[in-house]
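Colleague: Quick note, the sequence shown lines up with residues 1 to 669 if you use full-length UniProt numbering.
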Amino acid sequence: MRRNTSYTHLPKGRSLGRLQVFSKSLLVLAVVMAAVLALFMFMRPAEAYAKEYTCPQTVMNADVSDDGTLTVQENRTFDFDGSFTAIWWVFEQLGYDAQIVIDNAVVTNDATGESLDLDEVPFQEYWREYGASDEPAWTWDAEQNTVYVFCPMADGTYTITLEWHAENMATLYADTGEVYWQFVGGDWAIDSYDVTLNLQLPVPDGETVTAGENVRVWGHGPLDATVHVDQTGLVTADVPVVPSGEFAEVRATIPTEWLSGVAPGAYNDQSGTEKMDEILAEEQEWADKANTQRIMAVSHMAMGILASIGLIIWSIVMFFRHGREYRLPKDKYWRDLPAPGVHPAVISRLWSWNREDNNDFVATLMHLCNIGAIRIDPGTYQRKRKTVSDYYITRLDGWQDKVNNSPIDKEAMRILFDKVGRGADAIWFGNIEVYGKQHPESLVRMMDRWQEIVTSQTDQRGYFEDNGELYCYTMRIFAALCVIIGVFCSIMFMELIELIALSIAAVVLLVISFFMPRRSWVAAEIYGRCEGLRNWLKDFSLLNERLPTDVKVWGAFMVYAYVFGVAKRAMEQLQVSLPNVVSDAGFVSTSTWMGYRNGYVVGPNAAPVSPLDMFSTMYSNTVRTAKATIAAAETGNFIGDVMSSGGGGGGGFSGGGGGGFGGGGGGAR
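#1: Here's the rule: buried if 16 or more other CB atoms are within 10 angstroms of the residue's CB, otherwise exposed. What is GLY245?
#2: Tell me where the alpha helix (DSSP H) around SER299 begins and ends.
#3: Looking only at its own chain, which residues have a Cβ that is under 7 Å from the Cβ of TRP164, when we skip the five neighbours before and after it?
#4: Have a look at ARG383 and LEU416 and give me their C-alpha separation to the nearest angstrom.
#5: Strictly under 8 Å for the Cβ-Cβ distance: is VAL581 near chain D by that measure?
#6: Taking TYR193 as the reference, give the member of TYR473, TYR471 and THR58 with the closest Cα.
#7: Within the same chain, show all residues whose beta-carbon is closer than 8 Å to that of THR139, passing over the 5 residues directly before and after it, in chain order.
#8: Taking just the CA atoms, how far does VAL195 sit from ALA506?
#9: What residue range does the alpha helix (DSSP H) around GLU441 cover?
#10: Just the Cα atoms here: how many angstroms apart are ALA170 and GLY185?
#11: Nearest CA to the CA of GLU74: which residue from PHE80, ASP81 and CYS55?
#12: So the alpha helix (DSSP H) GLY82 belongs to, where does it begin and stop?
#13: Pairs of beta-carbons, one from the stretch 542-556 and one from the stretch 352-362, closer than 8 Å: are there three or more?
#14: Span of the alpha helix (DSSP H) holding ASP224?
#15: Do you know whose CA, among ASN291, ALA189 and TYR173, lies nearest GLU274's CA?
#16: Please state whether DSSP places ALA46 in a helix, a strand or coil.
#17: Alpha carbon to alpha carbon, how far is ILE484 from PRO222?
#18: Do ARG669 and ALA86 count as a contact pair if the criterion is CB distance below 8 Å?
#19: Is DSSP giving SER260 helix, strand or coil here?
#20: Suppose you measure from the CA of GLN575 to the CA of THR617; what does that come to, to the nearest Å?
#21: Tell me which residues share the same chain as TRP399 and place their Cβ nearer than 6 Å to its Cβ, disregarding the 5 neighbours each side in the sequence.
#22: Find the nearest neighbour of LYS289 within the set PRO378, HIS220 and GLY586, judged by alpha-carbon distance.
#23: With a threshold of 7 Å on Cβ separation, who are the neighbours of CYS472 within its own chain once the five nearest residues in sequence on each side are excluded?
#24: Could you check if VAL388 is buried or exposed, using at least 16 other CB atoms within 10 Å of its CB as the buried criterion?
#25: Can you check which of these residues, ALA363, GLU167 and ALA339, is closest to ALA345 by C-alpha distance?
#26: Assess contact between the stretch 526-541 and the stretch 479-497, defined as three or more Cβ pairs (one per stretch) separated by less than 8 Å. Is contact present?
#27: Which two residues bound the contiguous alpha helix (DSSP H) that contains ARG529?
#28: Quick check on the DSSP output: the alpha helix (DSSP H) that includes GLU471 runs from which residue to which?
#29: If you draw a straight line from the alpha carbon of GLY667 to that of SER271, how long is it in whole angstroms?
#30: Could you tell me which residues DSSP puts in a beta bridge with THR171?
#31: Counting only the same chain and skipping the five closest in sequence on each side, list residues whose C-beta sits under 8 Å from that of LEU578.
#32: What are the boundary residues of the beta strand (DSSP E) that ASN354 is part of?
#33: Under 8 Å: do the stretch 255-272 and the stretch 202-218 share three or more Cβ pairs, one atom per stretch?
#34: Given this structure, state the Cα-to-Cα distance separating LEU10 from TYR619, to the nearest angstrom.
#35: Any idea if VAL317 is buried or exposed, counting beta-carbon neighbours within 10 angstroms, 16 or more meaning buried?
#36: If you follow the beta strand (DSSP E) that TYR130 is in, where does it begin and where does it stop?
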């Protein structure tokens with residue numbers, strides 16, 4: 001049963017044309033946004049002397065005593081690229097009357113394992129800006145609560161261990177004890193990766209910790225960090241990365257009895273003030289906000305992934321519905337014209353997915369020779385005192401009647417003889433080349449007009465379904481939107497999951513879009529015949545079958561042999577199988593095009609290159625040069641340059657806080 005070949009036909013010049021332009025514009029915008037994001041993410045500002053450093057790991061072990069003193073051993077690893085002599089820590093937001101005391105500083109070369117204990121030296125004010133001590137040492141800037149570690153370090157990984165303690169870092173209130181410490185400050189010049197804090201709370205002997213009841217812990221900072229407390233009172237915080245400009249802090253509430261060493265009247269004795277309800281309210285608010293952000297982040301990721309999967313499934317379904325070629329039964333060989341009455345240039349468009357090709361014009365000239373409108377002959381002429389061997393095309397008597405019903409043929413004849421030949425009945429190949437150099441805009445305009453006529457003739461036959469082209473451009477628009485939305489989300493939410501998911505969908509959509517244009521049912525039948533005819537033109541001398549002897553038939557076959565790219569092979573077989581056809585007077589123009597005449601190679605100096613190849617190359621180069629000349633003129637360039645948890649039971653960090661003791665930051669030089 002024959003399938004219904006009717007389908008919606010859109011006005012290509014408007015609907016699909018605008019859609020095509022819109023899709024291209026969006027794709028360009030998507031590429032630009034992706035490029036800007038790549039530069040934003042991967043480019044680093046140039047540093048003096050090409051020095052740079054990172055902090056791949058930080059491990060902090062700390063204890064809180066019952067009098068509120070915090071004792072810390074911070075092991076911060078640095079990876080240096082270049083030579084450095086100084087590292088510094090800035091301590092800010094200290095507790096009530098808290099004083100930092102540096103106990104020790106050690107520099108360890110991680111490559112060799114060698115460690116160097118540093119001595120303290122008096123601070124020099126200019127060290128805040130430049131310079132270092134003569135020998136490896138550390139110094140304390142009391143005015144700015146900054147410790148400097150001086151030691152030559154270059155092109156390697158070093159771990160600096162800083163031991164210090166501070167009083168009054170835990171506060172006693174009427175209803176709770178509080179430890180609130182910003183262990184990584186927001187003023188570090190670089191990101192701190194893989195940060196681990198082990199904080200031992202002052203748990204009296206015989207006491208047991210129950211998280212969320214007698215001990216509550218919270219963390220503030222990056223939302224992918226976690227904090228927990230075990231039964232011994234060891235608080236562990238793990239932070240994958242603390243970006244420069246952000247902080248990480250821990251907060252814990254403990255029974256008041258556990259701060260029994262706080263002296264009455266001390267700065268950290270706030271036993272006349274109740275604090276627990278305020279702390280719980282703050283932490284619940286921050287936890288709710290953080291959890292909302294997490295839910296939003298997960299929602300965004302889920303939406304991105306689901307949208308990506310949905311678009312991929314949709315594109316695959318649309319391909320099978322509107323893009324996959326019709327599968328029709330066909331024979332291997334076809335021994336007739338693919339579609340009698342259809343111009344070879346239109347069949348060429350059918351063969352090449354409606355792409356414009358300069359060879360379509362060459363095929364048209366071969367067709368004009370075969371129908372007797374023109375002929376081709378070799379000859380010579382004088383140019384600059386030299387004899388030039390060339391071919392010329394002659395307009396034959398009665399040509400009007402033979403092209404009257406074909407807009408394609410009439411326009412080709414007008415271009416050749418009325419425009420290039422200026423009314424002459426014969427033109428040389430060289431005339432076309434000269435015309436293209438002297439009148440590039442005119443040549444390009446005429447050829448564009450001729451291609452428009454071929455396109456119009458192809459569209460009138462409905463060989464390509466508009467649905468396929470519609471989905472093609474729609475998919476490209478969706479692909480561009482995926483990239484644009486992915487880039488926007490990655491910048492807004494500082495996450496790459498959406499961009500990765502949507503980029504995968506964009507790639508799939510873009511790839512499938514190239515396969516969406518589909519030939520109609522009728523065109524698929526004709527295309528199958530084209531494949532069969534091409535196969536037969538390649539193999540007819542091997543099939544041991546009776547061949548047609550009509551020179552007009554073979555003239556038409558040779559036009560299609562050229563369109564299908566098998567002209568040379570077909571002509572070689574024809575010369576062996578039917579030499580009488582090759583030498584027939586009615587076949588002379590076709591044989592001359594192919595480089596044969598009366599069974600022999602012909603042409604200027606018997607060149608091995610056929611007139612067909614010569615004209616095709618000359619014509620393509622002429623059109624290309626004309627377009628380049630126009631582009632150069634338009635650009636003004638004539639030299640060729642054309643183009644948590646709210647209850648305190650542990651869990652994830654919240655985004656609130658910032659009020660913990662400690663903080664600060666640091667840097668290196």
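Here a beta-carbon is modelled for each residue, glycine too, at the ideal position from N, C-alpha and C.
The model shown is predicted, which means the values in this text are computed figures rather than measured ones.
Modeller: This is what the structure gives:
#1: exposed
#2: 276-318
#3: VAL72, ILE100, VAL101, ILE102 and ASP103
#4: 21 Å
#5: Here chain D cannot be found, since the structure has a single protein chain.
#6: THR58
#7: GLU120, VAL121, PRO122, PHE123, GLN124, TRP127, SER133, VAL147, TYR148 and PHE150
#8: 36 Å
#9: 440-460
#10: 18 Å
#11: CYS55
#12: Note, GLY82: premise wrong, no alpha helix (DSSP H); beta strand (DSSP E) at 70-90.
#13: no
#14: No alpha helix (DSSP H) holds ASP224; DSSP gives it neither H nor E.
#15: TYR173
#16: Residue placement at ALA46 is poorly supported in this model, since its pLDDT is 42, which falls under 50; the coordinates are not used for a value here.
#17: 26 Å
#18: yes
#19: coil
#20: 24 Å
#21: ALA373
#22: HIS220
#23: SER513, MET516 and PRO517
#24: exposed
#25: ALA363
#26: no
#27: 521-539
#28: For the record, residue 471 in the displayed sequence is Tyr; it is not Glu. It spans 466-493 - the alpha helix (DSSP H) in which TYR471 sits, taken as one unbroken run.
#29: 38 Å
#30: GLU178
#31: LEU547, THR549 and TRP554
#32: Segment: none, ASN354 is in no beta strand (DSSP E) and carries neither H nor E.
#33: yes
#34: Legend: pLDDT at LEU10 = 37, less than 50; position of this residue unreliable, no value from coordinates given.
#35: exposed
#36: Taken as a continuous stretch (DSSP letters only), TYR130 belongs to no beta strand (DSSP E), as it is neither H nor E.
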